[in-house]
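Okay, structure first, notes after.
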Amino acid sequence: MKKLILGGFLFLAGCGSGGSGNSAVNSTPVLDPPTILNLQISPQSATLNEGGTHVLVSGTVTITDPEFSNTRYLYVKSLDPNGNIIQSIKNILEGGGIVANTKAQIQINMPTTTRGNLSILVYLENPASALTSNFLTTPFPIN
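Numbering (this note's numbering), first residue to last: 59 to 201.
Right, here's the structure in full:
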């Protein structure tokens, strides 16, 4: 009798839930967007007509990507005083394996032909998952 009960238990355990395959469990992973912080640039301003018509601005930004592979593009944009895009640069991040606190280098040419308060905008994007990071902006005055 003991063998019969044990055999029946093993048979039931191996059956699984059966069903039609329509499960309420969503198997699509939830991805967290990448984050950027600590945008630092040099120089932080320019004088009118410095460098002729443009000055090269270099800097760094810290990237954190909780998914370790979300990030594909790092955008750097120069904006006029009204927020209109002057120049947009799309940097492809090779390998995609961005981990916590990775520093990325940025560069952009800022126009110096008109006085005013320009700014630099930086953000990350992964077009495959439609994830975009937060946006960081820093002022760049032309005196």
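Just so it is clear, CB atoms sit at the ideal spot from N, CA and C, and this is done for glycine as well.
Item                                                                                                                                      : Value
Beta-carbon proximity check, residue 132 vs residue 182, cutoff 7 angstroms                                                               : yes
Residue 14 - DSSP class collapsed to helix/strand/coil                                                                                    : Outside the shown range of the chain (59 to 201) lies residue 14, about which nothing can therefore be said.
Collapsed DSSP secondary structure at residue 151 in the structure displayed                                                              : coil
Length of the line joining the Cα atoms of residue 93 and residue 119                                                                     : 10 angstroms
C-beta atoms of residue 199 and residue 177 nearer than 7 angstroms                                                                       : no
Start and end residues, beta strand (DSSP E) containing residue 97                                                                        : 93-100
Own chain partners of residue 175 with C-beta closer than 7 angstroms, once the 5 adjacent residues on each side are dropped              : 139, 197 and 199
Alpha-carbon spacing of residue 144 relative to residue 116, whole angstroms                                                              : 17 angstroms
Residue nearest to residue 110 in terms of C-alpha spacing, selected from 100, 201, 179 and 170                                           : 170
Beta-carbon contacts of residue 194 that lie in its chain and below 6 angstroms, excluding the five residues immediately before and after : 94, 97 and 180
As assigned by DSSP and simplified to three states, the class of residue 199                                                              : strand
For residue 169, three-class secondary structure by DSSP                                                                                  : strand
Assigned secondary structure, residue 103 (DSSP; H/G/I helix, E/B strand, else coil)                                                      : coil
Whole-angstrom distance between residue 161 and residue 90, CA atom to CA atom                                                            : 19 angstroms
Same chain only: Cβ atoms within 6 angstroms of residue 64, ignoring 5 sequence neighbours per side                                       : Reliability of the predicted coordinates at residue 64 is poor, the pLDDT of 42 falling under 50, and the value obtained from them is presented with this limitation in mind. Closer than 6 angstroms at the Cβ level, and outside the excluded window around residue 64, lies no residue.
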